[in-house]
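When the letters of the sequence shown are read in order and numbered with the numbering used here, they come out as residues 165 to 258.
Idealized CB from N, CA, C, for every residue including glycine.
Model, not experiment: these values are computed from the prediction.
Report on one structure; see the data block that follows.
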Amino acid sequence: MADFAVLVTELDNSKRDQYFQDHMQYLDRLREQGIVLANGKFADGSLGLILFRAESQQVVEDLVNQSPFAVHGVRQFDVKEWPSKWAEGFGEQV
């Protein structure tokens, strides 16, 4: 297993409200499975970040491409492998 940081940028904000709930439910399901570790928007609103734990970058790319935001062209997802070092008790790999 490896950790991945996914930078999320805007493509077509006019469709955001239409697909927001579906996108969040999708991320919630992945979080319940232990695949999404955290997600959120930066305070300045410039972009968002999703932290994943998965077998490979291809798995994460496949997952983000299934997000309603990706399917409907609302957001773009840039996946980067993130060899992370966590504080004790946080984020340890199971």
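{"query": "For glutamine 185 and alanine 251, what's the separation of their Cα atoms in angstroms?", "result": "32 Å"}
{"query": "Considering only C-alpha positions, which residue in the set Phe254, Met188, Trp246 is nearest to serine 220?", "result": "Trp246"}
{"query": "How would you label aspartate 167, buried or exposed, when you count the other beta carbons within 10 angstroms and need 16 or more for buried?", "result": "buried"}
{"query": "Classify arginine 180 as helix, strand or coil using the three-state DSSP reduction.", "result": "helix"}
{"query": "Return the first residue and the last residue of the alpha helix (DSSP H) that valine 235 is part of.", "result": "232 to 235"}
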